[in-house]
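K.L.:
For the sequence shown, my numbering begins at 8 and goes up steadily by one. Ideal Cβ positions, reconstructed from N, Cα and C, are used throughout, including at glycine. Just so it is clear, the structure is predicted and the values come from calculations on it, not from any experiment. Have a look at this one.
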Amino acid sequence: MTNETPIQHCRNCQYPLPEGANFCPNCSQRNHDGRLSFREMVAETVATLFNLDNRIFNTLRSLAIPGKLTSDYFNGIHNRYYHPVRLFFVAAAFSSPCFPSRWMVTARGL
Ligand SMILES: [Zn+2]
8 MTNETPIQHC RNCQYPLPEG ANFCPNCSQR NHDGRLSFRE MVAETVATLF
58 NLDNRIFNTL RSLAIPGKLT SDYFNGIHNR YYHPVRLFFV AAAFSSPCFP
108 SRWMVTARGL
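Structure (structure tokens):
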């Protein structure tokens with residue numbers, strides 16, 4: 008379920024929208040009233056953080072060669088690699104079950 012409210016013109020570029028258009032044919036912006044449901048916000052956050060595409064494999068391959076990812080990044084080669092902030096969050100999400108926090112260790116009485 009979405010908050011679709013059809014409007015006559017694109018709010019982004021003012022291009023006249025055809026009847027029932029979900030996206031602007033000029034700028035591709037979604038024909039949407041701008042309100043987001045909680046479900047849409049969660050889905051967008053997950054999709055933004057964990058949108059794993061081919062760049063994650065290029066990044067992981069370059070991480071196997073010491074200094075390659077860093078030197079490429081500082082030489083301006085960004086597009087083939089995963090964004091560093093996303094990489095941080097993905098690495099944190101996947102590694103956190105491997106390293107339980109001190110609170111979890113204390114709660115278990117270990
Ligand atoms: Zn538009």
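As a quick check of your reading: which residues have a C-beta less than 6 Å from at least one non-hydrogen atom of ligand 1, in chain order?
P.N.:
17, 19, 20, 22, 31, 33, 34, 36
K.L.:
To the nearest angstrom, report how far apart residue 87 and residue 65 are at their CA atoms.
P.N.:
7 Å
K.L.:
Alpha helix (DSSP H) containing residue 100: first to last residue?
P.N.:
Counting along the chain, the unbroken alpha helix (DSSP H) around residue 100 starts and ends at 91-102.
K.L.:
Answer yes or no: do residue 63 and residue 80 have a C-beta to C-beta separation smaller than 8 Å?
P.N.:
no
K.L.:
Out of curiosity, what's the CA-to-CA distance linking residue 8 and residue 24?
P.N.:
Any reading at residue 8 must be qualified, since the residue scores a pLDDT of 44, below 50, and its modelled position is unreliable; no value is offered.
K.L.:
Mind checking which residues open and close the alpha helix (DSSP H) that includes residue 78?
P.N.:
75-81
K.L.:
If you draw a straight line from the alpha carbon of residue 35 to that of residue 58, how long is it in whole angstroms?
P.N.:
20 Å
K.L.:
Given 7 Å as the limit, tell me if residue 47 has its C-beta closer than that to any heavy atom belonging to ligand 2.
P.N.:
In the structure on display, ligand 2 does not appear, and the ligands it does have are ligand 1.
K.L.:
Relative to the C-alpha of residue 97, which residue among 30, 85, 52 is closest?
P.N.:
52
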